[in-house]
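Colleague: Respectively, the protein sequence lines represent chains A and B. According to our numbering, the first sequence is numbered sequentially starting from -2. According to our numbering, the second sequence is numbered sequentially starting from 63. Think of the CB as a built atom: it goes at the ideal place given N, C-alpha and C, for glycine as much as any other residue.
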Amino acid sequence: NAGVTQTPKFQVLKTGQSMTLQCAQDMNHNSMYWYRQDPGMGLRLIYYSASEGTTDKGEVPNGYNVSRLNKREFSLRLESAAPSQTSVYFCASSDRGGGPSLQYFGPGTRLTVT
Amino acid sequence: GEDVEQSLFLSVREGDSSVINCTYTDSSSTYLYWYKQEPGAGLQLLTYIFSNMDMKQDQRLTVLLNKKDKHLSLRIADTQTGDSAIYFCAESIKDSNYQLIWGAGTKLIIKP
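#1: Classify residue 74 of chain A as buried or exposed, calling it buried when 16 or more other Cβ atoms lie within 10 Å of its own Cβ.
#2: Can at least three beta-carbon pairs, one atom from the region 38 to 52 of chain A and one from the region 161 to 171 of chain B, be found at a separation below 8 Å?
#3: With DSSP as the reference, label residue 135 of chain B as helix, strand or coil.
#4: Anything in chain A within Cβ reach of residue 150 of chain B, meaning under 9 Å, just list it in chain order.
#5: With a threshold of 7 Å (Cβ to nearest heavy atom), would residue 79 of chain B be considered close to the ligand GDP?
#6: With distances taken between CB atoms, is the gap from residue 104 of chain B to residue 105 of chain A smaller than 8 Å?
#7: Taking just the CA atoms, how far does residue 138 of chain B sit from residue 124 of chain B?
#8: Consult DSSP for residue 145 of chain B and reduce its assignment to one of helix, strand or coil.
#9: For residue 105 of chain A, return the contacting residues in chain B, with the cut-off set at a CB-CB distance below 7 Å.
#10: Name the chain A residues whose beta carbon is nearer than 7 Å to that of residue 119 of chain B?
#11: Closer than 8 Å is the cut-off here; do at least three beta carbon pairs connect the region 79 to 92 of chain A with the region 12 to 29 of chain A?
#12: On a CA-only basis, which of B/88, B/145, B/173, B/74 is nearest residue 108 of chain B? Give me that one, please.
#13: Please confirm whether residue 7 of chain A has its beta-carbon closer than 8 Å to some beta-carbon of chain B.
#14: Comparing C-alpha positions only, which one of A/101, A/110, A/111 sits nearest to residue 3 of chain A?
#15: Can you tell me the Cα-Cα spacing of residue 132 of chain B and residue 156 of chain B, whole angstroms?
#16: Can you list, in chain order, the residues of its chain whose CB lies under 6 Å from that of residue 169 of chain B, leaving out five sequence neighbours each side?
#17: By Cβ distance, which residues of its chain are closer than 6 Å to residue 80 of chain A, with the 5 residues on each side in sequence left out?
#18: Based on Cα-Cα distance, which residue from B/140, B/89, B/100 lies nearest to residue 127 of chain B?
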């Protein structure tokens, strides 16, 4: 039971290059999330998927696209990377129901755009 | 709009209690959470409290909620070096589609 896995762990891109960050969870969770973390700013939600087949914008979606490939996998794509997208990216998943939204996080992808 | 605020740093001596504070603005909070992030790692859920509760205790951790003042605190008893981390407060609000509103995190520094 690996929980939430992310690939790659580290990436360096040049401005204008594209890449896809991969995320998978094995907890049978319905909801998945992509966040970015910048120093002193906490977590900012980029996109989320409340259930398989749906995606919605979060607080900072510009410059990103997502795909909920199936219930397990949720990918984040940078079409044309910019230095402002240098950050640590976290994927998370949670179950749905009437109770708390307990989000479980992956280890993160550290992205540098030069 | 919704906002969650925390101090950026807290320094305590090893063996003392640490109290990390958080304030929030949305009165429709349903649950409030504390997460821990160790260096180079993802966030780990520590504990959560339902908004109708005043207190929750789990081993060395005590969560206090003052709903009137919209103030949440996390007390760590007998603080150890392994408690060095960034602690994030978060809230979920009614009809938020399970999104969380996050504080900026408090870095806990342990002095020997």
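Modeller: According to the structure shown:
#1: Translated into positions along the first sequence, residue 74 of chain A becomes position 77. By the neighbour-count rule (16 or more Cβ atoms within 10 Å), residue 74 of chain A is not buried but exposed.
#2: yes
#3: The residue labelled residue 135 of chain B in the question sits at position 73 within the second sequence. Three-state DSSP puts residue 135 of chain B in a strand.
#4: Start at 1 with the first residue of the second sequence, and residue 150 of chain B comes out as number 88. Those are 39, 40, listed as they occur along chain A.
#5: This structure lacks the ligand GDP, and indeed carries no ligand of any kind.
#6: Position 42 of the second sequence, counted from the first residue, corresponds to residue 104 of chain B. Position 108 of the first sequence, counted from the first residue, corresponds to residue 105 of chain A. Their beta carbons are under 8 Å apart, which means residue 104 of chain B touches residue 105 of chain A by this criterion.
#7: Counted from its first residue, the second sequence places residue 124 of chain B at position 62. Counted from its first residue, the second sequence places residue 138 of chain B at position 76. When rounded, the distance between both Cα atoms is 7 Å.
#8: Position 83 of the second sequence, counted from the start, is the residue given in the question as residue 145 of chain B. Note: residue 145 of chain B maps to helix in three-state DSSP.
#9: Numbered from 1 along the first sequence, position 108 holds the residue referred to as residue 105 of chain A. 104, listed in chain order.
#10: Here residue 119 of chain B refers to the residue found at position 57 when the second sequence is read from its first residue. By Cβ distance, chain A contributes nothing, its closest Cβ being about 17 Å from residue 119 of chain B, past 7 Å.
#11: yes
#12: The sequence position of residue 108 of chain B within the second sequence is 46, counting from 1. Of the candidates B/88, B/145, B/173, B/74, the one whose C-alpha sits nearest the C-alpha of residue 108 of chain B is B/145.
#13: Numbered from 1 along the first sequence, position 10 holds the residue referred to as residue 7 of chain A. No - not a single Cβ of chain B is within 8 Å of the one on residue 7 of chain A.
#14: In the first sequence, the residue the question calls residue 3 of chain A occupies position 6. When each option's Cα is compared against that of residue 3 of chain A, the closest is A/101.
#15: Start at 1 with the first residue of the second sequence, and residue 132 of chain B comes out as number 70. Start at 1 with the first residue of the second sequence, and residue 156 of chain B comes out as number 94. For residue 132 of chain B and residue 156 of chain B, the distance between alpha carbons rounds to 16 Å.
#16: Translated into the one-based positions of the second sequence, residue 169 of chain B becomes position 107. Taken in chain order, the residues that qualify are 71, 148.
#17: Within the first sequence, numbered from 1, the residue matching residue 80 of chain A stands at position 83. Within the same chain, residue 80 of chain A has close Cβ partners 110.
#18: The sequence position of residue 127 of chain B within the second sequence is 65, counting from 1. Residue 127 of chain B has its Cα closest to that of B/89, out of B/140, B/89, B/100.
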